[in-house]
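S.K.: Just dropping this structure here.
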Amino acid sequence: MENFRTPKNFLFKEGFEDLHLHTIFTQLGQKTVYDSAAQCNKCAYCSRTCPAQLDTAREDKGPRARNILLRFIMENKIDRKKNVTEIKDALSCCMLCGACTKECFAKVPTHEHVLELERVYGRRKLPLSRRLKNKIISLNPFDLKREIKKTEFGGKGKGAFFLPSFEAEFSEVKSAVNMLRAISKICGGARVLRGESGMNEYVYSGLPAARKTALKLINEYFAADGGGKIITDSMDIFNFVKKYPQLFWQTENFDKAQKFADNIYFIADILPSLPKTKNTKKIIFTKTAAFAAEDKIFESSIKLLAKNSQNFCPSWEGDNYPLPPLGYEYIKPGESARYLRRKVEYIAAAQGDAVVCVTLAQKRQLNKSLKKYYPKCKAVFIGDLYADK
Ligand code: SF4
Ligand code: SF4
10 MENFRTPKNF LFKEGFEDLH LHTIFTQLGQ KTVYDSAAQC NKCAYCSRTC
60 PAQLDTARED KGPRARNILL RFIMENKIDR KKNVTEIKDA LSCCMLCGAC
110 TKECFAKVPT HEHVLELERV YGRRKLPLSR RLKNKIISLN PFDLKREIKK
160 TEFGGKGKGA FFLPSFEAEF SEVKSAVNML RAISKICGGA RVLRGESGMN
210 EYVYSGLPAA RKTALKLINE YFAADGGGKI ITDSMDIFNF VKKYPQLFWQ
260 TENFDKAQKF ADNIYFIADI LPSLPKTKNT KKIIFTKTAA FAAEDKIFES
310 SIKLLAKNSQ NFCPSWEGDN YPLPPLGYEY IKPGESARYL RRKVEYIAAA
360 QGDAVVCVTL AQKRQLNKSL KKYYPKCKAV FIGDLYADK
């Protein structure tokens, strides 16, 4: 039992290894879970950016505390059985936004540590009502599959693959068709990958389920002579797919997962520049996405918008709160509503006329709040900027 609590073995009991990450692919190289947490030098530089810590004004709800917690548990300095309630409390309200990692000099991936601990102390779960709603939406007969049958995108069997978000496939089909048309034009053809990325399982279920779903998608790609670009409309999916090598590390599927991750692009990466408009409306860009640990992933979006708009504001500072990603509004509706309210207050103070989002889900979510509190402004999805061109 003592051995089980050593840093090496704490999180994965023998025989249960596949329930946990053994190696985290950090921005400073591959590290064990323990070494990754031990990279945190407790400087608290990240505290100024963590929405959970800012919202609660509680240091124990911030990234520094979460990293120390993981390390102390692994070093057997905290009795993990007697302090379950406190541990769960410290883990709660992490949005997995990655804002702390972006600020951190050591690039500590706190969101990965939170998920590792949740795999031991209880996973976040989408309410049953939401899961049922998703199921019902996915039965929508006017989905992307049906639209594709009606539309000719050209270059059948050639070109790039489109990996749609849930919204693109079932509830924002018009946007998806527009993106497919753009991809087909730019890449000489467009095919749709029908599988899911495994991101929901990674956050709301577990690693084995995430690997299984991801592998299905990877195999679908290679069965269709995969090798070309995979373009997704979701920055959340893009960020998650970039984690595939970490998921499949030291398994027979690692090379395939690496190749798949190397070939994924966000829609803004492939869209050509739009002509500069005379439009003087103030455009605000929200960089928020799940696991968004670096600003450079938003570069293509920022370039696209800066070229197109005279009055573009790419800022993400002060009260410009991240939008809660990935279904967070269903597990923490109160917190989510507060974050959104603050986002809208920022937009109103900056007198924004439009906000550009990197996922269709964020656009829908933000528009509901804007309609209520600041109807002058509308949220638009970056993939739609090219829609009718
Ligand atoms: S996570 Fe990074 S920024 Fe935050 S306390 Fe640790 S070392 Fe400092
Ligand atoms: S991922 Fe986001 S919410 Fe979680 S600790 Fe980091 S900044 Fe805070």
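Sequential numbering of the sequence shown, starting at 10, is according to my numbering.
The beta carbon of each residue, even a glycine, is placed where N, CA and C say it ideally should be.
Can you tell me which residues fall inside 5 Å of ligand 2, judged by beta-carbon distance to its nearest heavy atom, and keep chain order?
M.R.: After applying the 5 Å Cβ criterion, the set is Cys-59, Ala-61, Pro-72, Cys-103, Met-104, Cys-106, Ala-108, Cys-109, Thr-119 and His-120.
S.K.: Could you give the first and the last residue of the continuous alpha helix (DSSP H) run that contains Thr-94?
M.R.: Counting along the chain, the alpha helix (DSSP H) containing Thr-94 begins and ends at 93-100.
S.K.: So is the beta-carbon of Val-117 under 6 Å away from any non-hydrogen atom of ligand 1?
M.R.: Flag set: Cβ of Val-117 near ligand 1.
S.K.: Using only the alpha-carbon positions, how far apart do Asn-248 and Thr-241 sit?
M.R.: Each residue's alpha carbon lies about 10 Å from the other.
S.K.: Do you know whose CA, among Val-364, Ile-82 and Ser-243, lies nearest Ile-306's CA?
M.R.: With distances taken between Cα atoms, Ile-306 lies closest to Ser-243.
S.K.: Closer than 7 Å, CB to CB, is Ala-74 near chain B or not?
M.R.: Going by chain labels, chain B is absent from the structure shown, which holds only one protein chain.
S.K.: For Cys-52, I'd like the list of residues in its chain whose CB is within less than 7 Å of its CB, leaving aside the five on either flank, ordered along the chain.
M.R.: Correct list: empty, nothing qualifies.
S.K.: Thinking Glu-176 and Arg-350 are a contact (beta carbons under 8 Å), I'd like their distance in whole angstroms, please.
M.R.: Incorrect: roughly 23 Å between the Cβ atoms, too far for contact.
S.K.: Using 8 Å as the Cβ pair cut-off and three pairs as the minimum, do the segment 57-65 and the segment 106-113 touch?
M.R.: The segment 57-65 vs the segment 106-113: in contact.
S.K.: Would you say the beta carbon of Lys-97 comes nearer than 6 Å to a heavy atom of ligand 1?
M.R.: No, ligand 1 has no heavy atom inside 6 Å of this Cβ.
S.K.: Ligand 1 and Ala-53: does the residue's C-beta get closer than 6 Å to at least one heavy atom of that ligand?
M.R.: Checking the Cβ of Ala-53 against ligand 1 gives yes.
S.K.: Let me know if Ser-318 comes out buried or exposed under the rule of 16 or more other beta-carbons within 10 Å of its beta-carbon.
M.R.: It counts as buried.
S.K.: In whole angstroms, what separates the C-alpha of Tyr-339 from that of Arg-347?
M.R.: Rounded to whole angstroms, Tyr-339 to Arg-347 spans 13 Å at the Cα level.
S.K.: Could you tell me the boundaries of the beta strand (DSSP E) in which Arg-75 lies?
M.R.: Here Arg-75 belongs to no beta strand (DSSP E); instead the alpha helix (DSSP H) covers 72-83.
S.K.: Please confirm if the segment 365-385 is in contact with the segment 74-92, defined as three or more CB-CB distances below 8 Å between the two stretches.
M.R.: Touching, no.
S.K.: Only counting runs of 4 or more residues, tell me where the alpha helix (DSSP H) segments fall wholly within the segment 123-165, in order along the chain.
M.R.: Counting whole runs of 4 or more residues, the segment 123-165 contains the alpha helix (DSSP H) stretches 137-146 and 153-159.
S.K.: Give the DSSP bridge partners of Lys-40, in chain order.
M.R.: Beta-bridge pairing links Lys-40 to Ile-33.
S.K.: Assess, as a yes-or-no matter, whether the segment 374-381 is touched by the segment 170-186 under the definition of 3 or more beta carbon pairs within less than 8 Å.
M.R.: The answer is no - the segment 374-381 does not touch the segment 170-186, with fewer than three Cβ pairs under 8 Å.
S.K.: Which residue from Val-93, Phe-231 and Gln-36 puts its Cα closest to that of Ala-266?
M.R.: Comparing Cα positions, the closest option is Phe-231.
S.K.: Mapping the DSSP letters down to three states, classify Ile-87 as helix, strand or coil.
M.R.: Note: Ile-87 maps to coil in three-state DSSP.
S.K.: Give the range of the alpha helix (DSSP H) segment to which Lys-356 is assigned.
M.R.: Residue 356 is actually Ile in this sequence, not Lys. Note, Ile-356: alpha helix (DSSP H), 342-358.
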